[in-house]
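Here's the structure we're looking at; comments come further down.
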Amino acid sequence: MIGIAWKSLLNRWPTALLAVLAIAMSVTLILTVEKVRRDARSSFTQTVSGTDLIIGARSGSVQLLLYSVFRIGNATNNISWESVEDIKKRKAIDWVVPLSLGDSHAGFRVLGTSLDYFKHYTYSNRTALQLSEGVLFDDVFDAVLGSEVAAELGYGINDSIVVAHGTGKVALVEHDRQPFRVSGILKPTGTPVDRAIHISLEGIEAMHVDWQNGANKKGAGTDADTVRNMDLSPSAVTALLVGLKSRATVFREQRAINTYRAEPLLAILPGVALQELWSLVSVAEMALMIVSVCVVVAGLINLLSVLLAGLNERRREMAVLRSAGARPGHVFLLLCIESAVLTIFGIIAGLVLHYLFIGVGALFLQQRFGLAISLSLPSATDLKILITIAIAGLLAGSLPALQAYRNSLADGLSQRL
Amino acid sequence: MDETTHPTVTMEDVSFTWPAGERPVLDIAQFSIAQGERVFLRGPSGSGKTTLLSLIGAVLSPQSGKIVIDGVSLGTLRRGQRDQFRADRIGLVFQQFNLLPFLSVSDNIQLPCRFSKQRKQRACQSGLSLNEETDRLLQAMHLSPSEVRNQIANKLSVGQQQRVAVARALIGHPPLIIADEPTSALDSDTQQAFLDLLFREIESAGATLLFVSHDIALADKFDRIVDLRELNAAAINELSTGTHT
């Protein structure tokens, strides 16, 4: 029977191919949506680990999380350096990493920070950042590049780069009087770190020495050595990553910072803020999922219509089978096998397409958003989805099969021409 | 097989009315075909030909009367059994479109053996494999097995297709062959050759042949000619009004 079904399908390959394609596309879509959703989550979750609190100017917790760690959006305000010193003095606090954002180079964010960043910032399972070549910044005008910055812009050690004010891709004003030198390049991490240019807080101050009210001062500007000798202690930073000596004190510290009198500040727990983010995103996820499910249903309806439309043309074929001794049950089985074959091929083709998509799309997502999407075997959820589609395909196929069964009972052996 | 005394087909007081019909379309008091007999059934459209074949082929059941085929009373069989009975014991050849166009010639011929174990067993009775038996039948139908065997069925000419259809009806030695206007798609030269082949093979297989046609010119080689209009008491009334299938 399988042989007959197979040859019959080959005989009608254009419609069969279309049915397979429709199912394949729907499988691809639903698997890809599910995959991106899952990997985006894990990518986000992996970006920050080992940090107990994130502190910034008072705004929303999701916003703070997004701009401080994921470099999405901008800060509304800064934290004054006095407050930073105050926070550092608190007993429960183990370490503080300042983050200063707001400048860019060729579309990549520039992050002003201290050397503590490389010591305390960890991602994934508490993995620390590692250099692939060169050294951490030592001089005011040193920069450490994320792996992608170096790869995409083709920079090597000792190349000089000019930083622009603002974070747009097209720099309107460049801090071209104080070029920076690449001192080190980090290993890839699969986090936004790969897309950042790290310089010291002093470096951030230094490139703004000749900067007043958003424009370069007139004249030749100050040369690098003079700048080095100036007082470059920062006056403000964008956010702080904080590690505590004991996690048990996290809520007390959070409250203390949130009620800090000298300046309106906000402290968040990264995990809690992530949860908030997910509950926001889940609406969009749900919408995407519903659309994907609809596409799957459309694919199955197409399968159904292909099989049903074929039935009338194939009445003669059924009559031949019947006259050769096939029972109506055989005809039913034949149609079921056909829909099973179409569904299974659709699923296989969908899987292949899905992996192609992920293979190509992962590159884009990584470059564009620093999202790490990995090629992996289908997850348990994926398998459940595939099995559901397979069963739905079989059920859809049983309708035309039933129709063929009825036809062949009614037609008997007569050949309606 | 069966004792020679038993006729292959017996019909007694058979009457059939379509579910929506008021009068019976078929009413046969007595009709039988002896084993090995070759009967030419003359049946213009409207004479109840399709209904008669459906009754003998166990597709339809009469409201009254008794039909015995090859010693089995069809009334005692349930629907599934009737399907199997037909697959096991009756070979069918139609006017045209007998073959699945996408299967090879040998696949088409062996089709009944997929649905009937009996046919398969009997096909291999003489010690030949199924493929050898297929080749033998092709040869008997004057088709070259090596050329035709693996051809896709719809690549053959109509005459060749009809001969393949006969080979399929004959495979596994069903005791009854029903041929419904098998020659009407052929030209008159090939009609005669086709009949000769059909007769020879049916004779060597010891099968019974019920051959239906409206073309009386073909009838002279048959053992017996039956006019359905005479046989069917219900059809006489309709003769004047003409066509009804």
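Chains as they are written, first to last, in this note's numbering: chain A, 261 to 677; chain B, -10 to 234. All C-beta atoms, glycine included, are put in the ideal place defined by N, C-alpha and C.
Problem - Close-in-space but distant-in-sequence residues of the same chain around residue 145 of chain B (CB under 6 Å, 5 per side omitted) - result: none
Practice task
Please decide whether residue 148 of chain B counts as near chain A, where near means a Cβ-Cβ distance under 8 Å.
Solution key: no
Exercise for the section: Pull up the distance between the alpha-carbon of residue 647 of chain A and that of residue 402 of chain A, whole angstroms please. Expected result: 55 Å
Handout entry: Cβ of residue 667 of chain A within 8 Å of any chain B Cβ
Key = no
Practice task
Run through the region 43 to 69 of chain B for me and flag every whole beta strand (DSSP E) of 3 or more residues, listed as ranges in chain order.
Solution key: With a minimum length of 3 residues, the continuous beta strand (DSSP E) runs that stay inside the region 43 to 69 of chain B are 53 to 58.
Handout entry: CA-to-CA distance, residue 304 of chain A to residue 625 of chain A, given in whole angstroms
Key = 13 Å
Handout entry: Residues near residue 418 of chain A by beta carbon distance below 7 Å, same chain, minus five either side
Key = 441 and 442
Problem - Beta carbon proximity, residue 577 of chain A to chain B, threshold 8 Å - result: yes
Problem - CA-to-CA distance, residue 73 of chain B to residue 124 of chain B, given in whole angstroms - result: 26 Å
Handout entry: Residue of B:0, B:28 and B:85 minimising C-alpha distance to residue 53 of chain B
Key = B:0
Problem - Residue-chain proximity (residue 105 of chain B, chain A), Cβ-Cβ < 8 Å - result: yes
Problem - Reference residue 502 of chain A, options A:321, A:263, A:404 and A:352, closest by Cα - result: A:352
Handout entry: Positions along the region 581 to 597 of chain A whose CB lies within less than 9 Å of some CB in chain B
Key = 581, 582, 583, 584, 585, 586, 587, 588, 589 and 590
Handout entry: Element boundaries [beta strand (DSSP E), containing residue 403 of chain A]
Key = 402 to 405
Exercise for the section: Taking residue 290 of chain B and residue 200 of chain B to be in contact with their CB atoms under 8 Å, please state how far apart those CB atoms are, rounded to whole angstroms. Expected result: Residue 290 of chain B cannot be examined here, being either before or after the span of chain B that is shown, -10 to 234.
Practice task
Work out the CA separation of residue 98 of chain B and residue 160 of chain B for me, nearest whole Å.
Solution key: 7 Å
Problem - Cross-chain neighbours of residue 270 of chain A in chain B, by beta carbon under 9 Å - result: 91
Practice task
For residue 75 of chain B, decide whether its Cβ has a neighbour in chain A, counting only Cβ atoms nearer than 8 Å.
Solution key: yes
Handout entry: residue 82 of chain B classed as buried or exposed, judged by whether at least 16 other C-beta atoms fall within 10 angstroms
Key = Buried: at least 16 other Cβ atoms inside 10 Å.
Practice task
Look at the alpha carbon of residue 364 of chain A and the alpha carbon of residue 380 of chain A, and state the distance between them as a whole number of angstroms.
Solution key: 23 Å
Problem - Interface partners of residue 290 of chain A on chain B, CB under 9 Å - result: In chain order: nothing, as chain B lies at least about 33 Å away.
Exercise for the section: Go through its chain and collect everything with a Cβ distance to residue 354 of chain A's Cβ below 6 Å, but skip five positions before and after it. Expected result: 503, 504 and 505
Practice task
Check residue -5 of chain B in the structure and name its three-state DSSP category.
Solution key: DSSP, read as helix, strand or coil, puts residue -5 of chain B in coil.
Exercise for the section: Please confirm whether residue 392 of chain A and residue 447 of chain A have their CB atoms less than 8 Å apart. Expected result: yes
Practice task
Determine the direct distance from the alpha carbon of residue 588 of chain A to that of residue 665 of chain A, and round the result to whole angstroms.
Solution key: 5 Å
Handout entry: Any C-beta of chain A under 8 Å from that of residue 187 of chain B
Key = no
Practice task
Tell me, please, whether the CB atom of residue 132 of chain B is closer than 8 Å to any CB atom in chain A?
Solution key: no
Problem - Completely contained beta strand (DSSP E) runs for the region 9 to 37 of chain B, where each covers 3 or more residues - result: 15 to 22 and 27 to 31
Exercise for the section: For residue 262 of chain A, return the contacting residues in chain B, with the cut-off set at a CB-CB distance below 7 Å. Expected result: Correct list: empty, because the minimum Cβ distance to chain B is about 11 Å.
Practice task
Measure the CB-CB distance between residue 462 of chain A and residue 339 of chain A and report whether it falls below 8 Å.
Solution key: no
Handout entry: residue 597 of chain A - DSSP class collapsed to helix/strand/coil
Key = DSSP places residue 597 of chain A in helix when its eight states are reduced to three.
Exercise for the section: For the region 343 to 398 of chain A, list the beta strand (DSSP E) runs that are entirely contained and at least 3 residues long, ordered along the chain. Expected result: The region 343 to 398 of chain A contains, as complete beta strand (DSSP E) runs of 3+ residues, the segments 353 to 365, 368 to 373 and 391 to 394 (chain order).
Problem - Cβ separation of residue 307 of chain A and residue 452 of chain A, assumed to be a contact under 8 Å, to the nearest whole Å - result: 6 Å
Handout entry: Coil, strand or helix - residue 439 of chain A by DSSP
Key = The answer is strand: DSSP assigns residue 439 of chain A an E or B state.
Practice task
Residues of the region 51 to 73 of chain B with a CB closer than 8 Å to any CB of chain A: list them in chain order, please.
Solution key: 69, 72 and 73
Exercise for the section: Name, please, each residue of chain C whose Cβ falls closer than 7 Å to the Cβ of residue 295 of chain A. Expected result: Within the model displayed, chain C is absent; protein chains A and B are what it includes.
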